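Worksheet for the structure shown next.
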Amino acid sequence: MGTEKQQALSKLVTEWQQRLGSISWFMRCLNEEIARKANKEDQCKGAFWEGRFKSQALLDEKALLSCMMYVDLNPIRAGVTPSLQQSDFTSIQQRIREYKQTKTSVKQPPPHKSHFQLLPFVGAEHQAKTAGINFAFTDYLELIDWTGRCIRNDKKGFIASSQPKILQQLGIAADAWLEHSEQFMERYANVSGKWSRMCAFKQHAGGHWCKGKSASHQLHPN
Numbered sequence: 066m067g068t069e070k071q072q073a074l075s076k077l078v079t080e081w082q083q084r085l086g087s088i089s090w091f092m093r094c095l096n097e098e099i100a101r102k103a104n105k106e107d108q109c110k111g112a113f114w115e116g117r118f119k120s121q122a123l124l125d126e127k128a129l130l131s132c133m134m135y136v137d138l139n140p141i142r143a144g145v146t147p148s149l150q151q152s153d154f155t156s157i158q159q160r161i162r163e164y165k166q167t168k169t170s171v172k173q174p175p176p177h178k179s180h181f182q183l184l185p186f187v188g189a190e191h192q193a194k195t196a197g198i199n200f201a202f203t204d205y206l207e208l209i210d211w212t213g214r215c216i217r218n219d220k221k222g223f224i225a226s227s228q229p230k231i232l233q234q235l236g237i238a239a240d241a242w243l244e245h246s247e248q249f250m251e252r253y254a255n256v257s258g259k260w261s262r263m264c265a266f267k268q269h270a271g272g273h274w275c276k277g278k279s280a281s282h283q284l285h286p287n
């Protein structure tokens, strides 16, 4: 074998050794294979992950709260389960279990040990020393229970006269809140929050247009 061929072969071996030891290269090949099979199954072309999985930038506490509510109430909205406690594999079910455990006099291990730790509720008033969600869990529980009752299929359009404490604190109208709780993903695309912050975020990301202007003004009237 000539010197040039040996050098070319050596270069090829080195390249493959690097690829075989690279997790990023492995994931690239794995993703490509999954994308090809999924596109064939769906009879479509194009980017697989970008077309099917989307992330949402939540720019303030109102956006975070409405998105959490949308996700936590998905099983009830879809008619899969009648209650939050029975909403398997949801964060709200885990939070309720942990909350009940802290209220019992004799602490017992949780029935299903979680492999992940949820970000805690740190209360509306805190010194920003502890990372967490800027609401009290009891207030969030009151809000999700009230919202779930309002969006039930047998009570569409029903709004209780007494509104949750969080809505009053944030100045969100009940009807606007319920619309966001049911249609959050349809009202925004990739970013949600106060309109001025949405525009600034989109400009920083290189975009020129945001979906959700009217929805943002509903959630942020001031």
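So that you can map any letter, position 164 of the sequence shown is 229 in my numbering, and since no number is skipped, the others follow by simple counting.
For glycine and all other residues, C-beta sits at the position ideal for the given N, C-alpha and C.
Being a predicted model, the structure only gives us computed values, none of them experimental.
Between the alpha carbons of residue i and residue j, how many angstroms are there, rounded?
i: Gly222; j: Leu85; result: The predicted model places Gly222 with a pLDDT of 49, which falls under 50 and marks its position as unreliable; any figure quoted below should be read in that light. Each residue's alpha carbon lies about 58 Å from the other.
i: Ala238; j: Ser246; result: 12 Å
i: Pro229; j: Cys215; result: 12 Å
i: Leu77; j: Arg101; result: 26 Å
i: Thr155; j: Thr146; result: 12 Å
i: Trp211; j: Gly272; result: 37 Å
i: Ala196; j: Gln182; result: 13 Å
i: Thr203; j: Glu163; result: 12 Å
i: Gln71; j: Glu98; result: 32 Å
i: Leu206; j: Gln248; result: 20 Å
i: Arg93; j: Thr79; result: 19 Å
i: Trp274; j: Trp260; result: 11 Å
i: Glu185; j: Ser87; result: Note on identity: in this sequence residue 185 is Pro, with Glu being the wrong assignment. The alpha-carbon atoms of Pro185 and Ser87 are separated by roughly 36 Å.
i: Ser227; j: Gln233; result: 10 Å
i: Val187; j: Ile198; result: 6 Å
i: Met66; j: Ser75; result: 12 Å
i: Gln83; j: Glu106; result: 33 Å
i: Gln108; j: Arg142; result: 30 Å
i: Gln150; j: Lys276; result: 34 Å
i: Gly144; j: Glu126; result: 28 Å
i: Ser148; j: Lys165; result: 16 Å
i: Ala73; j: Ala270; result: 42 Å
i: Glu244; j: Ser120; result: 20 Å
i: Thr68; j: Trp81; result: 20 Å
i: Ala103; j: Leu95; result: 12 Å
i: Ile169; j: Gln268; result: Just to set this straight, residue 169 is Thr in the shown sequence, not Ile. Rounded to whole angstroms, Thr169 to Gln268 spans 50 Å at the Cα level.
i: Trp242; j: Asp153; result: 25 Å
i: Asp240; j: Thr167; result: 34 Å
Would you mind sorting residue i into buried or exposed? The rule is 16 or more other CB atoms within 10 Å of its CB.
i: Gln158; result: buried
i: Asp137; result: buried
i: Pro140; result: buried
i: Phe91; result: exposed
i: Ile209; result: buried
i: Leu284; result: buried
i: Met263; result: buried
i: Ser281; result: buried
i: Ser89; result: exposed
Roughly how far, in whole angstroms, is the beta-carbon of residue i from the beta-carbon of residue j, given that I think they are within contact range, below 8 Å?
i: Ala128; j: Phe266; result: In fact, because the Cβ distance is near 11 Å, the residues do not count as touching under 8 Å.
i: Ile161; j: Phe200; result: Between Phe200 and Ile161 the Cβ distance is about 15 Å, and since that is not below 8 Å, they are no contact.
i: Ser257; j: Leu124; result: 7 Å
i: Asn287; j: Gly213; result: Not quite, the Cβ-Cβ distance comes to about 27 Å (not below 8 Å), so this is no contact.
Taking only heavy atoms of the ligand NAP into account, decide whether any of them is closer than 6 Å to the Cβ of residue i.
i: Tyr135; result: Looking at this structure, you won't find the ligand NAP or any other ligand, since it has none at all.
Would you call the stretch 130-145 in contact with the stretch 244-261, where contact means no fewer than 3 C-beta pairs closer than 8 Å?
In this structure the stretch 130-145 touches the stretch 244-261; the number of beta carbon pairs closer than 8 Å is three or more.
Could you name each continuous alpha helix (DSSP H) segment of 4 residues or more that falls completely within the stretch 114-164, going from the start of the chain to the end?
Runs of the alpha helix (DSSP H) lying entirely within the stretch 114-164, each at least 4 residues long, are 126-137 and 139-142 in chain order.
Quick one: which unbroken alpha helix (DSSP H) runs of 4-plus residues sit fully inside the stretch 212-284? Chain order, please.
If we require 4 residues or more, the alpha helix (DSSP H) runs fully inside the stretch 212-284 come out as 230-235, 239-252, 260-269 and 278-284.
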